[in-house]
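>
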Amino acid sequence: MDIDEYDGDRQDVFWIVGMGLAQRHATIMRPGAVYAGQAVPALCATELKIPQPTPIGRDPRSAKITDKCPTCAERVAEADFAETTWDF
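Residue numbers (the working numbering): 4 to 91.
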């Protein structure tokens, strides 16, 4: 996966499913740059706990979750972020 911090003049945003949550939230913090269990802020101010990495050969549990937080989605659209869906 090739991810640039900036797509032209656009800031990246990452859609992730935090531990214990049932929908994706957007964060500007690159999830792979923080350790499992660390809390990062979402655009809607929800604290997202970074999940443990999925063992090789298994599909991440969050891969099937497509529902996005409406508040985060609104902020992403307003700011024209470059979007990436990220599963662990």
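Each residue gets a CB set at the ideal place from its N, CA and C atoms; glycine is no exception.
(1) How many angstroms separate the CA atom of T74 from the CA atom of G60?
(2) For V20 versus T30, is the C-beta distance shorter than 8 Å?
(3) Could you check what DSSP says for R64 in three-state terms: helix, strand or coil?
(4) Is Q26 closer than 8 Å to A39 when the C-beta atoms are compared?
(5) Using DSSP with H/G/I as helix, E/B as strand and the rest coil, what is R27?
(6) Measure the beta-carbon distance from V79 to V37 and round it to whole angstroms, keeping in mind my assumption that it falls under 8 Å.
Per the coordinate set shown:
(1) 34 Å
(2) no
(3) helix
(4) no
(5) strand
(6) The distance from the Cβ of V79 to that of V37 is about 20 Å, inconsistent with a contact at the 8 Å cut-off.
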